[in-house]
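Have a look at the structure below, then the notes.
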Amino acid sequence: MAGKKTVQIEAEVETEDVSETSQTVETEDDIFIEVDKLQELGINVADITKLKLSGYNTALSIIQATRKELLAIKGFSDAKVEKIIECAQKIEQTDTFISGINLLKKRSSLIKITTGSSTKMVLEPFSLLVIDGIMSLFRVDFSGRGELSERQQLLGKTLNRLQKLADQFNIAIVYTNQVMSDPSGAMTMAINPVKPVGGHVLGHASTHRLMLRVGKGDQRVCKVYDSPILPPGDATFQLSSLGICDVNE
Numbered sequence: 000m001a002g003k004k005t006v007q008i009e010a011e012v013e014t015e016d017v018s019e020t021s022q023t024v025e026t027e028d029d030i031f032i033e034v035d036k037l038q039e040l041g042i043n044v045a046d047i048t049k050l051k052l053s054g055y056n057t058a059l060s061i062i063q064a065t066r067k068e069l070l071a072i073k074g075f076s077d078a079k080v081e082k083i084i085e086c087a088q089k090i091e092q093t094d095t096f097i098s099g100i101n102l103l104k105k106r107s108s109l110i111k112i113t114t115g116s117s118t119k120m121v122l123e124p125f126s127l128l129v130i131d132g133i134m135s136l137f138r139v140d141f142s143g144r145g146e147l148s149e150r151q152q153l154l155g156k157t158l159n160r161l162q163k164l165a166d167q168f169n170i171a172i173v174y175t176n177q178v179m180s181d182p183s184g185a186m187t188m189a190i191n192p193v194k195p196v197g198g199h200v201l202g203h204a205s206t207h208r209l210m211l212r213v214g215k216g217d218q219r220v221c222k223v224y225d226s227p228i229l230p231p232g233d234a235t236f237q238l239s240s241l242g243i244c245d246v247n248e
């Protein structure tokens, strides 16, 4: 009797998982609007093909692009660019007033990656982009204060492209950064003379900033450096042959 109940419960759970998966897939399809939708508003196929070849595959990517960038496409005049932007805004509903309820529905499509995401990935499709050492190449190609302004401008453009990528395709972007010692901080007896490189340009572009440092032995400490929703605090974890795990007391 108990065995039959167990089988029935497992069957119900599997049914629920399948239904949740199908609902998630439907939600994922509605996350971004493909540029092909512009054809419904009078944009011809040839212009849509030119947009795709230039890297504009979604309606939001057109809205986020500047008119100068769209005019660089061969055969695009001022009037044509204006019409394409207007159609893209209509599809994305960015040219009209949006009520709080509709805005909340849009925000509900955002994917949150939490503990247990490896299991979640089996049931729900999501994307994660990881950049290891985002400032390493910038520090190699640009050296000294004389090239600092040019470096920061290029860094700002790169971060802006990453932000657009996250907005268009609803993906999470994680990048690691390097730190540097601050001689002035050591002279003023600061608590932590180490600070991240990249300056305010990189700091303002990041939503959550976490600082990692070495603890005792194979332990590591993660500190919430800056976050709009997380309170300040530290968390200790351990590195082992099994990967990242809780600290053994």
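With the first letter of the sequence shown counted as 1, position 38 gets the number 37 in numbering that gives the first Met the number 0; the numbers rise by one all the way through.
Think of the CB as a built atom: it goes at the ideal place given N, C-alpha and C, for glycine as much as any other residue.
Cα-Cα separation, Ile62 to Gly197: On the sequence shown, residue 62 is found 63 positions in, with the first residue counted as 1. On the sequence shown, residue 197 is found 198 positions in, with the first residue counted as 1. Whole-angstrom Cα-Cα distance: 28 Å.
Rounded straight-line distance, which links the Cα of Phe168 to that of Asp28: The residue given as residue 28 occupies position 29 in the sequence shown. The residue given as residue 168 occupies position 169 in the sequence shown. Confidence at Asp28 is low in this model, with a pLDDT of 48, below 50, so the placement of that residue is unreliable and no value is reported for it.
Which listed residue (Val223, Asp217, Val44) has its alpha carbon closest to that of Met210: If you number the sequence shown from 1, residue 210 lands on position 211. In this structure, Val223 is the residue among Val223, Asp217, Val44 with its C-alpha nearest to the C-alpha of Met210.
From Ala71, Phe31, Leu70, Glu81, residue whose alpha carbon lies closest to that of Ile42: By one-based count along the sequence shown, residue 42 stands at place 43. Among Ala71, Phe31, Leu70, Glu81, the Cα nearest to that of Ile42 is on Glu81.
Neighbourhood of Val213 by C-beta, 7 Å cutoff - its chain only, sequence neighbours within 5 removed: Position 214 of the sequence shown, counting from 1, holds the residue named residue 213. Arg219, listed in sequence order.
Range covered by the beta strand (DSSP E) that runs through Gln38: Your numbering for residue 38 matches position 39 in the sequence shown. Unbroken run through Gln38: none, as it is neither H nor E.
Straight-line gap, Leu158 to Lys105 (C-alpha atoms, nearest Å): Along the sequence shown, read from residue 1 onward, the residue named residue 158 stands at position 159. Along the sequence shown, read from residue 1 onward, the residue named residue 105 stands at position 106. C-alpha separation (whole angstroms): 23 Å.
As assigned by DSSP and simplified to three states, the class of Asp233: Within the sequence shown, residue 233 is the residue found at index 234, counting from 1. Three-state result, Asp233: strand.
C-alpha distance - Val44 paired with Gln38, whole-angstrom precision: By 1-based counting over the sequence shown, the position of residue 44 is 45. By 1-based counting over the sequence shown, the position of residue 38 is 39. The alpha-carbon atoms of Val44 and Gln38 are separated by roughly 7 Å.
Ser240 (DSSP reduced to helix, strand or coil): For the purposes of this step, residue 240 is taken as the residue at position 241 of the sequence shown. Coil, per DSSP.
Sequence-distant residues of the same chain with beta carbon closer than 8 Å to Ile84, five excluded per side: The residue labelled residue 84 in the question sits at position 85 within the sequence shown. Taken in chain order, the residues that qualify are Ile61, Ile62, Arg66, Leu69.
Residue of Lys79, Glu146, Asp35 minimising C-alpha distance to Leu59: Reading the sequence shown from its first residue, position 60 is the one you call residue 59. When only C-alpha atoms are compared, the closest one is Asp35.
Top-ranked residue by Cα proximity to His203, from Ile170, Met179, Gln162, Gly242: Taking the sequence shown and counting its residues from 1, one reaches residue 203 at position 204. Out of Ile170, Met179, Gln162, Gly242, the CA that lies nearest to the CA of His203 is found in Gln162.
For Asp131, the three-state DSSP class (helix, strand or coil): Along the sequence shown, read from residue 1 onward, the residue named residue 131 stands at position 132. In the structure shown, Asp131 sits in coil (DSSP, three-state: anything other than H, G, I, E or B).
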